[in-house]
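What follows is a set of notes on a single structure, which appears directly below.
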Amino acid sequence: MTMKKFLNDPSDLVGELLSGFALAHADKVKLTENNLVVRAEPKAKNKVALVTLGGSGHEPALSGYVGQGMLDISVPGEIFAAPGPPKLIEALRMANRPAGVLLIVLNHAGDVMSANMAMEMAEQEGLNVRQILTHEDISTGPRDKPEERRGLVGCLAVIKVAGAAAEQGASLDKCWEIADRMERNMATLAVAVTSAAHPCTGEAISEIPETDMIIGMGQHGESGSAQTELKTADETAEIMLNMLIVDLSVKKGDDILLMINGVGSTTLMEQYVVLNSCKKILDSKKINMVRCTAGEFLTVQEMGGFQMFMARMDSELAELWDAPCKCPCMAT
Amino acid sequence: MTMKKFLNDPSDLVGELLSGFALAHADKVKLTENNLVVRAEPKAKNKVALVTLGGSGHEPALSGYVGQGMLDISVPGEIFAAPGPPKLIEALRMANRPAGVLLIVLNHAGDVMSANMAMEMAEQEGLNVRQILTHEDISTGPRDKPEERRGLVGCLAVIKVAGAAAEQGASLDKCWEIADRMERNMATLAVAVTSAAHPCTGEAISEIPETDMIIGMGQHGESGSAQTELKTADETAEIMLNMLIVDLSVKKGDDILLMINGVGSTTLMEQYVVLNSCKKILDSKKINMVRCTAGEFLTVQEMGGFQMFMARMDSELAELWDAPCKCPCMAT
Amino acid sequence: MLLGAVELIRENHRKLSELDSFGGDGDHGTTMLRAMENLKNSVASSESGQIKKLLGEVAWAVMGADGGATGPLFGSFFMGMSNGAGQGETLDCAALASMFEAGLDCVSKRTKAQVGDKTIMDAMIPAVNEIRQAADEGLDIPAILERAADAARQGADSTKNLQPRLGRAKNAGQQSLGHEDPGAVSVSLIFKGFMKGALNDGG
Amino acid sequence: MLLGAVELIRENHRKLSELDSFGGDGDHGTTMLRAMENLKNSVASSESGQIKKLLGEVAWAVMGADGGATGPLFGSFFMGMSNGAGQGETLDCAALASMFEAGLDCVSKRTKAQVGDKTIMDAMIPAVNEIRQAADEGLDIPAILERAADAARQGADSTKNLQPRLGRAKNAGQQSLGHEDPGAVSVSLIFKGFMKGALNDGG
Ligand SMILES: Nc1ncnc2c1ncn2[C@@H]1O[C@H](COP(=O)(O)OP(=O)(O)O)[C@@H](O)[C@H]1O
Ligand SMILES: Nc1ncnc2c1ncn2[C@@H]1O[C@H](COP(=O)(O)OP(=O)(O)O)[C@@H](O)[C@H]1O
Ligand SMILES: [Mg+2]
Ligand SMILES: [Mg+2]
Ligand SMILES: [Mg+2]
Ligand SMILES: [Mg+2]
C-alpha cells in the first residue's frame, strides 16, 4: 500500500506543519524563531505558566492546546520523537517567572529523558519549575508500577484542569496538586483497527490483521496486548469500560469523566456511537458520567481506532474541566 | 477490504450517533423528540433564526455548528441522505418568529427537493422563511450555471457570517444579503486519494487507483473530473489554487479567506502543510490571505483528501467571520 | 397492492445499492428499504379505508424516511396519486390511470428529468403512459398493472446505455455506463410489486 | 573519527527504521540520520581544536535533533565523553578509554537498561569495556577501536534473541524476536565508523 499523504520534502515536514498551524491560528498562537509554540497574547506574569513537550505527527496535540486556560508553551519535537533538551530548556527559561512553571511530561522514554535533563539544567540555573508525569495507559503496566504506563490522551485532562487553575491564579504548588490529583485518578485504554504510515519513511507503523482489533495499542502504533476479531461498538465499549473501571476501582455512585479520543481515521460518527454505548453501560452500572466528550484530541496519523479515557472526578476537578479556554483546537 | 468501524445495528446508526453527539456537547445542544438538533439555550426570539438540513455521516457537519453565533436548528438526515420534508417543516415551524428564519440548503438533489417542498408548505402556512442555496463546487459546472454546482464545505462560511449577523440583530433581509454575498464570492474544489466505506452497506463509496488522486471528488465519493498521480503538497496546492483563482477571478491585491477542510483520514498535519503551501503561492501572486483555517469541518467518513475553499472577502464579511461563536465543533 | 412493492424492494435492496455505487454514493437500496418499511408501517397503522387518505399517509411516511432525493421523489409520486384519487374505497380502471398520471405530474414538479436522463423517469414515464393506454384499451386492473410493470422494466433496462445527466451520479460520466440507474430499477420493482399485490389482494 | 560514523548511519538508516518497525515506531533510522547530520554540521562549524569542547558541541547538536530517546541517549554519550576528555587536542590510549567510560557513565544516568534488555546498552557496554581492555593491553588507537567495533557488533547481534524490556518496543513482545535492536545496531555502526574514521584521519 503506497503512502497517500500530501507532503513535500519530509525533512522539512515539522517546520512546514508548524508554519501552517501558526497561520491557521494566528489569533491565538505564534511561533518563536526556534519553533516553540507560544500564546499570541502571553499570560500575566503573576500566574503559573504551563509548558509541555512532545513529538509531532499527533496533531492537534500538543500545540493545539496552547492558549488561554491551557498551555503557555508547547515544545514540538520531530515526527513521533520528543524534542531534545536544548529546545526544552529554552522553553523553560522563556516561561520562568516568580509564580513558577509547571512542566507536563508524557511518559515515553524520549520525553522523560529530555525532561529530566532539562530539569537538571533548570535546577542548576535556579529556575522555578515543577514537573508532572502523566502515565495512564493501563495496558502497559499495573497501577502500582506507574513508570511502566505510557502517557496517552490523559495529558489533555491534566493540562485542562491545571491550566484552568493557573489561569485562576492558583500557586505552583496548588497547580501541581490539581495536576497530580487528576493524574492519579485517570486511566486510558486504546484500541486500534487499522495502521498508519510513518510520514517520513512511508512505512506502516504497525500490522493489524484484516478482521482484527488490537486492544492496548500505543501512541505510535506499538503493539498492544490483546488481539480479537473486530467487535461492535457496544461490545468494544463494554470490554474497555470494564478494564478501566477495575483499574480505577470505580464504584456504583462514583462520578466520572469519559473521553473518547479518535486517533485518526475512525470517524467522529463512530466516536459518538461509542460514547452512546458507554453511557448505556455506565447507566446500567449506576456510575455517573458527569462529564464526557469525544473528538480527535491526540492522533496517530491516520490510524483507525480510539483511546477511551476515564477519570474519577470531584467537584473541584469538574469545575476546572468546565472552565473557559481559548486554544486553537479546544475552546468553549 | 473489510469495513472496520465501531458500530452497532446500522439501522439505528443515526439515532445512536445523535445521542452520543448530544451527550458530548450537552452544554451547547440538545435533541428534540424527533431528533432535530437545537441549541441548549435558545436564541432570543427577536433575532433571525438559522436552520439547515443535511445527510449524516459528515460529522462534525452540520449539527456541530448549532450554537451561539451560528445555527439554531440542524435537521440531520440519514447517512448521506437528506432529511425528508416532514422533519424540515417541523424545524421551520419550530424556528418561525417575526424576525424570520434563514434556511441554508446545500445544492444536492435530495436536500433541494426537501427544502423546496418544505418551503412551499411554509409559504402556505404563512411562515417567515427565506432560503439560500450554497453551490460552490467548481468541478461540477461553470460559474454561470450555479445549479450544476454542488454544495461543499462553503456552507460553513455562509452559516458563520450569516449566523454572526443574526446574532448581532440583523434583519432577515440583511442576513440573507450577507449569506448571498458570501455565497457568490466563494468557490471550493475537492481532491480525494483514498475511499471510505459506507457505514450501512460496508461497501467502498468510490474507487481510487493505488497511486492516484482525483480532483473534483464530491461530498459522497462521487467521482470527479481529473485523475492524476499523487502529487506533493506544493504541487497539489498550486493546481487547486489556480483553478479557484480563475473561477473567482481573484486579482493581485484581493483579500481572500482560505479554508482547508480535511474530509476524513487526511491528517491535520497534512492540512497544515497544504495551508503553508498555499500561503507561499498566494504570497508570490500578491494575493492577500487575510483569513485562513484548517481542520475537519465537513467529512466523508474516513475518505482521504481535502476540500480547498476560497472566498473573496470584504471587511464586513471578515468581521463577521471573526465574530465569536460557541458551537460543539467550532468555538472561538 | 402497495405491500407487494415492499417485498420486492426488500429482496433487491443490495443490488440497488450496488447499482448506486457506480458513480453514486451506494445507498439507494438502503434508502428504498427504509422508505418501504415506513410505507408498510403507515399502511398497517392507517385507520382509513379511503384510498386518497391512505396514499397521503403513505406519501408522508415515504418522505419521512429521510432518503435524500428518493424520499421526495417517491413521496411525491404517492402524494400525487393521493391528490388524483377519488374519495371512494375502490377504483375503476380510468380512475386508476388518472391517479397514476397525477402521481407522475407531482414528481415532474420536483425534477426536470426526462426520459433519457438516466433517472427514475426512464421507468416511471413509460409505465404511467402504459397504464393510460391499457386502461383505454379496456383491460382489467391486474392486466393494466402487468403492462405497466413491463414498461417500467424496459425503461429501467434502457438506462444501462445512458449517461446520467442529473443527480449525484451526474459526474460519474463513464462509470455508470453499462449499469442500470438504481432509481429506475426501484420504479420497475415497485410497479412489479403493484402487479403482484393486485393479483394477491385483488386490487 | 566522528565523521566515519555519520557516513555509516547515512548508508544504513533505512535498515535502522525497518528494525524499529518490529514493535517500535519505525523511525530510528530517520532520527539517527538527523542526529548525525547535526553532528556533522557542528563539527564543521566548530572553531575549537579542543576535543573536550568539540564533543560538548557535538553532544548538544545531537540532542538538538529532537530525536525521542535517541537524542538524549547518544547526546549523553558525547556529553560524557566531553566531560571525560582532557583539555588537549590529542589523546593517548588511556585517555581514550577514560573518555569512553565517562560517555557510558553519562548514558547510564539516563537509563536503567543493562546488557540483556535489548537496547543500545547491549552494544555500548561491551564496546566500552573492550576499549578499556585493549588499552590496558597496550594496543594503538585504531586497533583499540577495531576491538570496540567488533564487540559492539557482537553485542548488537546478541539482541536478536532478546525480548525488549524498556522503551517503546517493550510491549512488542514476540514481534521483535529474531530482529536486532535498532539502537544497538546504531551503536555498532558508530563504533565501526569511529574505527574507519580513525584509520582515515589517524585519530
Ligand atoms: N434530479 C433527479 N431527478 C430524478 N431522479 C433523480 C434525481 N436525482 C436522483 N434521482 C434518482 O435517485 C436515484 C438515487 O437515489 P438515492 O441514492 O436514494 O439518493 P441520493 O442520490 O440522494 O443518494 C438515482 O438513481 C435517480 O434515479
Ligand atoms: N530506556 C531506554 N534505555 C536505553 N535505550 C533505549 C531506551 N529506550 C529506547 N532505547 C533505545 O532507543 C532505540 C529506539 O530509538 P528511536 O526509535 O530513535 O526512539 P523512539 O523509541 O523514541 O522512537 C531502541 O532501539 C533502544 O535501543
Ligand atoms: Mg519515535
Ligand atoms: Mg445518498
Ligand atoms: Mg445514492
Ligand atoms: Mg522509534
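Protein chains in written order, with this note's numbering: chain A, 1 to 332; chain B, 1001 to 1332; chain C, 2001 to 2203; chain D, 3001 to 3203.
In this text, a Cβ means the ideal position worked out from N, Cα and C, and glycines have one as well.
Source: prediction; values computed, not measured.
* **Range covered by the beta strand (DSSP E) that runs through Gly1304(B)** => 1304-1312
* Asked: With respect to 7 Å, is the separation between the Cβ of His380(A) and the closest non-hydrogen atom of ligand 5 below this value?
  -> For residue 380(A) there is no data in the structure shown, the boundaries of chain A being 1 and 332.
* Residue range of the beta strand (DSSP E) that Lys30(A) falls in? -> 29-31
* Asked: Hey, how far is the Cα of Met3124(D) from the Cα of His3013(D)?
  -> 19 Å
* **Start-end ranges of the beta strand (DSSP E) lying completely within the region 1151-1213 of chain B, minimum 3 residues** => 1186-1194
* Can you name the residues of chain B whose CB is closer than 7 Å to the CB of Cys292(A)? -> Leu1023, Ala1024
* Local Cβ density within 10 Å of Lys47(A), reported as buried at 16 or more and exposed below that -> buried
* DSSP three-state call for Ser2048(C): helix, strand or coil? -> coil
* Taking 8 Å as the CB-CB limit, is Asp1173(B) close to chain A? -> no
* Gly1100(B) versus chain A: which residues are under 7 Å apart at the beta carbon? -> The premise fails here: Gly1100(B) is roughly 29 Å from chain A at the closest Cβ pair, so nothing lies under 7 Å.
* To do: Spatial neighbours of Val153(A) within its chain, please: CB distance less than 7 Å, with the 5 preceding and 5 following residues excluded, ordered by chain position.
  => Thr188, Met259, Asn261, Phe297, Leu298, Gln307, Phe309
* How big is the Cα-Cα spacing for Glu2089(C) and Met2099(C)? -> If I take the Cα positions, the gap works out to 13 Å.
* Asked: Less than 7 Å between the CB of Pro1209(B) and some heavy atom of ligand 2, yes or no?
  -> no
* Could you name the residues of the region 3039-3072 of chain D whose beta carbon sits closer than 9 Å to any beta carbon of chain A, in the order they occur along the chain? => Trp3060, Ala3061, Val3062, Met3063, Gly3064, Ala3065, Asp3066, Gly3067, Gly3068, Ala3069, Thr3070, Gly3071, Pro3072
* Coil, strand or helix - Ile1287(B) by DSSP -> Under the three-state reduction of DSSP output, Ile1287(B) falls in the coil class, being neither helix nor strand.
* Can you tell which of Glu3130(D), Gln3133(D), Phe3077(D) has its C-alpha closest to the C-alpha of Met3111(D)? -> It should be pointed out that residue 3111(D) corresponds to Thr in this sequence rather than to Met. The shortest Cα separation from Thr3111(D) among Glu3130(D), Gln3133(D), Phe3077(D) belongs to Phe3077(D).
* List the residues that DSSP assigns as beta-bridge partners of Leu17(A). => Bridge partners of Leu17(A): none, in fact.
* Residues near Cys1278(B) in its chain [Cβ-Cβ closer than 8 Å; skip 5 each side] -> Ala1237, Leu1241, Leu1258, Ile1260, Met1289, Cys1292, Met1308
* Indicate the three-state DSSP secondary structure (helix, strand or coil) for Gln3163(D) in the structure shown. => Collapsing the DSSP output to three states places Gln3163(D) in coil.
* Of the choices Leu320(A), Asn8(A), Leu17(A), Lys4(A), whose alpha-carbon is the least far from that of Cys175(A)? -> Leu320(A)
* Chain-ordered neighbours of Thr2997(D) on chain A, where CB pairs are closer than 7 Å -> Nothing in the structure corresponds to residue 2997(D), since chain D is present only between 3001 and 3203.
* Asked: Under a CB-based cut-off of 8 Å, is Arg2010(C) close to chain B?
  -> no
* Let me have the residue list for ligand 5: C-beta closer than 5 Å to any non-hydrogen atom, ordered along the chain. => Asp2020(C), Gly2024(C), Asp2025(C), Asp2027(C), His2028(C)
* How close, in whole Å, do the beta carbons of Met213(A) and Val191(A) come, if the pair is a contact with beta carbons under 8 Å? -> 6 Å
* Asked: Should Ile2120(C) be counted as a contact of ligand 1 given a C-beta to heavy atom distance under 7 Å?
  -> yes
* **Inside the region 235-281 of chain A only - beta strand (DSSP E) runs reaching at least 3 residues** => 255-262
* Assigned secondary structure, Val1048(B) (DSSP; H/G/I helix, E/B strand, else coil) -> coil
* Ile1138(B), enclosing alpha helix (DSSP H) - first and last residue -> From DSSP, Ile1138(B) is part of no alpha helix (DSSP H); its letter is neither H nor E.
* Residues bridged to Val3107(D) [DSSP beta-bridge criterion] -> Answer is none; Val3107(D) lacks a bridge partner.
* **Residue-level contact to chain A via CB, Asp3117(D), 8 Å cutoff** => no
* **C-beta atoms of Ile132(A) and Glu183(A) nearer than 8 Å** => yes
* Just mark Leu3016(D) as buried or exposed, buried being the case when its beta carbon has 16 or more other beta carbons within 10 Å. => buried
* DSSP beta-bridge partners for Thr228(A)? -> Met213(A)
* **Buried or exposed (CB count within 10 angstroms, at least 16 for buried), Thr1052(B)** => buried
* Of the residues Asp1255(B), Ala1294(B), Ile1256(B), which one's Cα is nearest the Cα of Gly1264(B)? -> Ala1294(B)
* Are Met330(A) and Ile256(A) touching if we call contact CB-CB under 8 Å? -> no
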